[in-house]
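In the numbering used here, the protein residues as written are 2 to 336.
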Amino acid sequence: MLNVGVIGCGGMGRDHIKRVTERVQGAQVVAVSDLFEEGAKKAAAIAGEGCKVYNNGKDLINDPDVDAVMIISPGFAHVDDLLEAIKVGKRVFCEKPLCTTAEDCQKVMDAEVASGKHLIQLGFMRRYHKGYQQIKEAIATGEYGEPLMMHCTHRNPEVGTNYDTPMAVTDTVIHEIDLCHWMVGDDYDTVQVIMPKVTKYSHPALKDPQFMILKTKSGVTIDVECFVNCKFGYDINCEVVCEDGALKMGTPMAPSIRKSAQASTEITTDCFVLFKDAYDQEVQNWVDRAADGVIEGPNTWDGYLAAVTADALVAAQTSGQIEKVNTVEKPEFYK
Ligand code: ISE
């Protein structure tokens, strides 16, 4: 049994505690921490009797009863807890983003490399979604040749008024940034953002929709339509165009219904409904590989690459130019 400590007891933290307690096999939550004591106590109650409550991540990480740590606090608070966990050699599951700056991501990457142990898995859960996995497996057969292009849409029904233009990258397309480079097995070279006409449902601080183009080092060209006030649903699509065929993601979760002289397929409005199984699978996979000290999911390099790519896309939002994605050389450790 893997004894897990959870740092961060907001909505997402409580969701992960519930997941580990009710659905994940081979793990239990033995400690939680949050700056806000009441929130931590509420979260501990989900885990059940005996769950310890801390008011800071450092004490939780250093608790000898805690084998592994889940960091579900806000992104800006990740860096210190990640470095502490690496220092004491504990396995980490960290919600996206790894850190909010490329500089902090690099610090964490350097510390992990120096420790010589793969410790960190990142919460880019889309890699665990059946629809994407089917396409990745199909590409791996070689039957369709090399991927050349990808077309993605990332639509939300609506967002709050605090959501602004850069968040289209840092909060939303950050998923495609990770997913697409994993799908085609390549890192990014350049990015560009084209701003279409703005929807009447937007506000002055948000340009919505946005059209982003990412090009990988081998030349695979990926376009992502990001439209966060599309009104009609949480609509996620992906097509990979290869030399010998095009692979479009299916939507296996929704039946096609015929009624009242119409055929229809439901589109959910909630990302937690669409990706529920993916969230469960990513944590189960992290737990399953703990015994052999292996990280199979997105790792620290992926978190660093996402941060640098996001910085380039945010720069491209205002420059209107093609921006270079300037990363350090990928360390041998992550190859
Ligand atoms: C949110 O943080 C997510 O992760 C969702 O998947 C994304 O669709 C949404 O735009 C983000 O705000």
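Every residue gets a Cβ at the ideal spot worked out from N, C-alpha and C, and that includes glycine. Note that the structure is predicted; figures quoted are calculated from it, not measured.
- Taking 3 residues as the minimum length, the beta strand (DSSP E) runs contained wholly in the stretch 107-188 are 121-124 and 148-156, in order along the chain.
- Separation of the CB atoms of Ala255 and Thr266 is rounded to 5 Å, and the pair is thereby assigned contact status at 8 Å.
- Between the stretch 142-161 and the stretch 231-244 there are three or more inter-stretch CB-CB distances shorter than 8 Å, so the stretches are counted as touching.
- Around the beta carbon of Glu283, 16 or more other beta carbons sit within 10 angstroms, so the residue counts as buried.
- The residues Glu297, in chain order, have a CB closer than 6 Å to that of Arg290 in the same chain once the five nearest residues on each side in sequence are set aside.
- In this structure, the ligand ISE has no non-hydrogen atom nearer than 8 Å to the beta-carbon of Val225.
- In the displayed model, Val288 falls within a helix according to three-state DSSP.
- In the structure shown, Leu36 falls within a coil segment according to DSSP collapsed to helix, strand and coil.
- The residue among Met71, Gly117, Asp66 and Lys108 with its C-alpha nearest the C-alpha of Gly90 is Gly117.
- In this chain, the beta strand (DSSP E) harbouring Cys239 covers Asp236 to Cys243.
- A distance criterion of 8 Å places the beta-carbon of Asn157 in contact range of the ligand ISE, judged by its closest non-hydrogen atom.
- No heavy atom of the ligand ISE is found nearer than 8 Å to the CB of Val315.
- Thr173 has its CB nearer than 8 Å to a heavy atom of the ligand ISE.
- A heavy atom of the ligand ISE is found nearer than 8 Å to the CB of His176.
- Residue state for Ile62 is assigned as helix, using DSSP reduced to three classes.
- Closest option to Ala316, judged by alpha-carbon separation, among Pro167, Thr200 and Phe276: Pro167.
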